[in-house]
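In the working numbering, the protein residues as written are 1 to 434.
What follows is one structure encoded as structure tokens, with my remarks underneath.
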């Protein structure tokens, strides 16, 4: 816990050293209001932000926006926390992980949005009620604008599955393991596997567990998350099953423990990958001719027959309390979630806006007809879950990452012990932060 907080404080000092000249709200006494907007670091979202700001500035001479990517750091969450501590936040940012918002709120770093004119009507017209509840504080307040979701699905190599005798993707753990036994092979006869059913980054880094343990936990538990009203409510059976599933994959060598140079799915060294829609454009550009791929929900435990849930990987928009122009920032934020901005989000970044009736809204119908691979992701959005706003989420996910590495990857102890250790450590963290 202290290592993470120390890193944030060091980063805060570095940001503070840069001074407040680049901070949000530094408008001159005369002339247009000037806002600073931070986007994600990835190239597609940088291009999206550039295009949106260019159009906004041309149409709104009274409010001019400067866009820049979030400064580099180990994670955008740490950079943003450090900026809050240092007082160097922009006016607004569109790369807000919901799990960190509670820490911004405690630090007084973000504006409460549900008091702004038109906020409730915008949310009611845009966001499904079941999803909106995930973005409220326990008191029912809102400090973030739901923007986009990247549901985690299973990307699979259609050809490799057909070659192994499977016409449809695996639905259950048993089906996945049966496919793994046939797809994982020693192709060159040197006594070692050189093709596998899948691959995950096994480093015990907290944010990596969103794309294996946590996404699979949500799927196995029927859409449950780890907390309820700030208290740990771990579904022990679902956790045991997920740890056990990955333990089987690593025990039998169906997932490698080594790292790859390059993308193993593109090289057809692996047959599956657990990804969001951002991967489609890259894969279409880089996949070799003849590689046929598709998307399906994550496998679930045998006997599960409920809705197919997954991790939503949401990123939202926040207005920071450092802004000197909250009304102008709110105007710009509403523009960022307009229909035309959402269409650009789809076209440039291939990411899914959080929007009611996305697949039937006339603004987007033609796009999805041209891009059918994105349809499964758009269909999945209503059955996504995030993670609750509790203090110390990086440390909490680290408490899962360590037994995941020990039990699932290296078979050091049974799944039940992995669940017990994770739960015990999480309770200690919650007590420490209370």
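Built from N, CA and C at the ideal position, the CB exists for glycine as well.
What are the partner residues of residue i, as DSSP defines its beta bridges?
i           : result
residue 117 : Answer is none; residue 117 lacks a bridge partner.
residue 195 : 185
residue 64  : 34
residue 228 : 231
residue 96  : 316
residue 275 : 153
residue 143 : None, per the DSSP bridge assignment.
residue 352 : 149
residue 39  : 69
residue 428 : In DSSP, residue 428 forms no bridge with anything.
residue 295 : 155
May I ask you to report which of helix, strand or coil DSSP gives residue i?
i           : result
residue 475 : Outside the modelled stretch of the chain, which goes from 1 to 434, sits residue 475, for which no answer is possible.
residue 107 : coil
residue 23  : Model confidence at residue 23 stands at a pLDDT of 39, short of 50, so the residue's coordinates are unreliable and nothing is read from them.
residue 320 : strand
residue 364 : coil
residue 53  : helix
residue 309 : coil
residue 263 : coil
residue 332 : helix
residue 136 : strand
residue 127 : coil
residue 385 : strand
residue 270 : strand
residue 239 : helix
residue 250 : helix
residue 28  : Here the model assigns residue 28 a pLDDT of 48, short of 50, so the residue's position is not dependable and the matter cannot be decided.
residue 409 : helix
residue 390 : coil
residue 337 : coil
Looking at C-alpha atoms only, which residue of the options is the closest neighbour of residue i?
i           : options               : result
residue 233 : 433, 407, 40 and 388  : 388
residue 103 : 391, 430 and 398      : 391
residue 380 : 370, 396, 355 and 395 : 355
residue 122 : 62, 240, 107 and 145  : 145
residue 32  : 42, 176 and 62        : 62
residue 398 : 213, 57, 119 and 279  : 213
residue 99  : 427, 348 and 315      : 315
residue 240 : 161, 216, 252 and 268 : 216
residue 302 : 171, 58, 111 and 67   : 171
residue 245 : 222, 299 and 285      : 299
residue 308 : 340, 224, 160 and 258 : 224
residue 51  : 347, 320, 321 and 137 : 347
residue 259 : 203, 105, 207 and 148 : 203
residue 296 : 226, 229, 375 and 282 : 375
residue 332 : 92, 162 and 128       : 92
residue 237 : 231, 220 and 230      : 220
residue 53  : 283, 73, 30 and 94    : 94
residue 264 : 252, 414, 250 and 283 : 283
residue 68  : 393, 39 and 75        : 39
residue 385 : 393, 310, 370 and 266 : 310
Within a Cβ cutoff of 7 Å, which residues of the same chain sit near residue i, ignoring the five residues on either side of it in sequence?
i           : result
residue 190 : none
residue 272 : 154, 155, 156, 197 and 198
residue 343 : 363, 364 and 367
residue 425 : 399
residue 186 : 192, 193 and 194
residue 177 : 248
residue 227 : 233, 388 and 390
residue 427 : 232
Take residue i and list the residues in its own chain whose beta-carbon comes closer than 6 Å to its own, dropping the five residues that flank it on each side.
i           : result
residue 418 : 243, 403 and 407
residue 15  : The predicted model places residue 15 with a pLDDT of 34, which falls under 50 and marks its position as unreliable; any figure quoted below should be read in that light. So the list reads 82, 83, 86 and 88, once near-sequence residues are dropped.
residue 97  : 77
residue 101 : 143, 144 and 389
residue 119 : 113
residue 421 : 403
residue 71  : 79
residue 353 : 148, 342 and 345
residue 416 : 240
residue 182 : 164
residue 116 : 330
Counting only beta-carbon separations shorter than 7 Å, does residue i have a partner in chain C?
i           : result
residue 425 : Any reference to chain C falls outside this structure, which holds one protein chain only.
Take residue i and list the residues in its own chain whose beta-carbon comes closer than 8 Å to its own, dropping the five residues that flank it on each side.
i           : result
residue 276 : 150, 151, 152, 153, 313, 351 and 377
residue 158 : 292, 293 and 294
residue 448 : Residue 448 falls outside the range modelled here, since the chain spans only 1 to 434, and no answer is possible.
residue 130 : 382
> Hey, which unbroken runs of the beta strand (DSSP E) at 3 residues or more fall wholly within the region 147-173?
Replying inline: 153-157
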